[in-house]
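Everything on this sheet refers to the single structure shown next.
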Amino acid sequence: MENVDKLEMNSSAADRRLSTLARHLAVTINNEGSSIFSSPTSAGDSAFANVARAPEDPILGVTVAYNKDPSPVKLNLGVGAYRTEEGKPLVLNVVRKAEQLLVNDRSRVKEYLPIVGLADFNKLSAKLILGADSPAIHGNLVTTVQCLSGTGSLRVGAEFLARHYRERTIYIPNPTWGNHTKVFTLAGLTVKTYRYYDPVTRGLNIQGLLEDLESAPTGAIVLLHACAHNPTGVDPTLQQWEQIRQMIRSKSLLPFFDSAYQGFASGSLDGDAQSVRMFVGDGGECFIAQSYAKNMGLYGERVGALSIVCRTADVASRVNSQLKLVIRPMYSNPPIHGASIVATILKDRNLYHEWTLELKAMADRIITMRKHLFDALGARGTPGDWSHIIKQIGMFTFTGLNRKQVTFMTKEYHIYMTSDGRISMAGLSSRTVPHLADAIHAAVTTVV
Ligand SMILES: Cc1ncc(COP(=O)(O)O)c(C=O)c1O
1 MENVDKLEMN SSAADRRLST LARHLAVTIN NEGSSIFSSP TSAGDSAFAN VARAPEDPIL
61 GVTVAYNKDP SPVKLNLGVG AYRTEEGKPL VLNVVRKAEQ LLVNDRSRVK EYLPIVGLAD
121 FNKLSAKLIL GADSPAIHGN LVTTVQCLSG TGSLRVGAEF LARHYRERTI YIPNPTWGNH
181 TKVFTLAGLT VKTYRYYDPV TRGLNIQGLL EDLESAPTGA IVLLHACAHN PTGVDPTLQQ
241 WEQIRQMIRS KSLLPFFDSA YQGFASGSLD GDAQSVRMFV GDGGECFIAQ SYAKNMGLYG
301 ERVGALSIVC RTADVASRVN SQLKLVIRPM YSNPPIHGAS IVATILKDRN LYHEWTLELK
361 AMADRIITMR KHLFDALGAR GTPGDWSHII KQIGMFTFTG LNRKQVTFMT KEYHIYMTSD
421 GRISMAGLSS RTVPHLADAI HAAVTTVV
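The end of the sequence shown is residue 448 by the UniProt record's numbering, with every number in the run present.
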């Protein structure tokens, strides 16, 4: 590890990336008990005989365990995917309509998209997050590239920053979505955390957050969840956002918004974009990763966008040229189908309106589930204050259940969730709420 550090001090940007990667792998190896550096065994038949089995992904692994459980009452609240009242995945009507239009259009072909994706999709995505009247868009200060959903957008943005930005430290909230650390580390950035959640109040630790940003090095990158913070469901108020904005700008920090839930938090696309618009409105620079996985239900289509708001149109155009160099060797160019669905919906007034209604219905159902669960725990007299269930925002509730209680609920009630006690409210229905409430009641009354 010491050698890795020495190497880093004397090396070029490319070497630095490699040493970061080596350090990440060293940590992974220590944690996961394998060594890719050990010499191949002559006894093994395979050149990969020394490859140890990696642990399941902490979030997607929950679904793997769920799938193996034969119980008829099993319930998967691990992964953040919307389910109907019947517990079924939902394809939005408006998406089916757009797909039909695309299929019927015989002029459509399956040629490659440009490296940066579908032009219409990019323009409309920037408009969706920044607002139709955004001066940044009208001044051509924004460059947008189509990427592979939210994750791909974060990764492309991080790769660009590792190559072209002077400060390589990114501050992410504690806690945050489990993939953030890996995405940014493997792109060559150094990940540090800022305080975010206060387990005592089950709310935002605004004081800790501001102190940590204040002591960050000038220019450091700051990852912000645009709305519906995952996993806590705790968002800053508009007033707190303003405090955060002032701190970020006064320290010349670089905001990088992760917008995975626009429309899911409040049911309003504009409402959920307010934090981003506040930052773009001050004329400063900013990165935004957008995902259409949740708000259009296009999970597996992998549709997203990275927008970079720059100070001048000339810088934006040069940044765009460099983004192409990042994307080309990674996946060449993005897939056409999902982006065409999104563009079809966003550019048609009627389809857009229909989408907002369906989106609102999803958001409302989640809010109703919060209320049902809160009431059900009240009816059972479950010890503790459960008001955070109705106060938290978005797809998830950070229940406050500990690891042992989570294990108990999985073992005894076949309820699956991440080990930090996060449950997906979108996976609940009126039928399954009582079962979950029984399980929580049993967990908190019998497991400490
Ligand atoms: C906070 C956050 N960011 C990004 C993503 C990326 O999702 P996707 O790559 O499916 O768009 C998710 C998905 O759960 C998320 O919760």
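A virtual CB, placed ideally from N, CA and C, is assigned to each residue, including glycine.
Assigned secondary structure, residue i (DSSP; H/G/I helix, E/B strand, else coil)
{"i": "L253", "result": "coil"}
{"i": "Y194", "result": "strand"}
{"i": "Q100", "result": "helix"}
{"i": "S424", "result": "strand"}
{"i": "T144", "result": "strand"}
{"i": "P135", "result": "helix"}
{"i": "M396", "result": "The sequence given here places Phe at residue 396; Met does not occur at that position. F396 falls in the strand class under three-state DSSP."}
{"i": "L269", "result": "coil"}
{"i": "G117", "result": "coil"}
{"i": "T418", "result": "coil"}
{"i": "L401", "result": "coil"}
{"i": "G203", "result": "strand"}
{"i": "N67", "result": "helix"}
{"i": "K294", "result": "coil"}
{"i": "I129", "result": "helix"}
Contact test: residue i Cβ vs ligand 1 heavy atom, cutoff 8 Å
{"i": "K182", "result": "no"}
{"i": "residue 449", "result": "Residue 449 is absent from the structure shown; the chain starts at 1 and stops at 448."}
{"i": "T176", "result": "yes"}
{"i": "H337", "result": "no"}
{"i": "T151", "result": "yes"}
{"i": "L148", "result": "yes"}
{"i": "S291", "result": "yes"}
{"i": "A260", "result": "yes"}
{"i": "G304", "result": "yes"}
{"i": "Y82", "result": "no"}
{"i": "N230", "result": "yes"}
{"i": "N179", "result": "yes"}
{"i": "H225", "result": "yes"}
{"i": "K294", "result": "yes"}
In DSSP terms, what residue i is bridged to
{"i": "T344", "result": "According to DSSP, which records beta bridges pairwise, T344 is partnered with nothing at all."}
{"i": "A289", "result": "D258, L306"}
{"i": "H225", "result": "D258"}
{"i": "T169", "result": "T190"}
{"i": "P89", "result": "R83"}
{"i": "L75", "result": "I415"}
{"i": "N174", "result": "R195"}
Nonlocal neighbours in the same chain, by C-beta distance under 8 Å from residue i, ignoring five residues either side
{"i": "V64", "result": "E56"}
{"i": "H435", "result": "V73, L75, Y413, I415"}
Cβ neighbour criterion (16 or more within 10 Å) applied to residue i
{"i": "L77", "result": "buried"}
{"i": "E269", "result": "With the sequence shown as reference, residue 269 is identified as Leu, and Glu is not the correct amino acid for it. Per the 10 Å Cβ criterion, buried."}
{"i": "S266", "result": "buried"}
{"i": "F48", "result": "exposed"}
{"i": "G150", "result": "buried"}
{"i": "I390", "result": "exposed"}
{"i": "T144", "result": "buried"}
{"i": "N295", "result": "buried"}
{"i": "G300", "result": "exposed"}
{"i": "Q239", "result": "exposed"}
{"i": "residue 458", "result": "The requested residue 458 does not occur in the structure, where the chain is confined to residues 1 to 448."}
{"i": "V103", "result": "exposed"}
Residues near residue i in its chain [Cβ-Cβ closer than 6 Å; skip 5 each side]
{"i": "K6", "result": "Because the pLDDT at K6 is just 42, under 50, the model does not fix this residue reliably, and the point stays unresolved."}
{"i": "L210", "result": "M247"}
{"i": "V447", "result": "K404, Q405, F408"}
Beta-carbon contacts of residue i that lie in its chain and below 7 Å, excluding the five residues immediately before and after
{"i": "residue 454", "result": "No information on residue 454 is available, as it lies outside the stretch 1 to 448 that the chain covers here."}
{"i": "K97", "result": "L351"}
{"i": "A437", "result": "L373, A376, L377, R380"}
{"i": "V303", "result": "S149, Y292, G338, A339, V342"}
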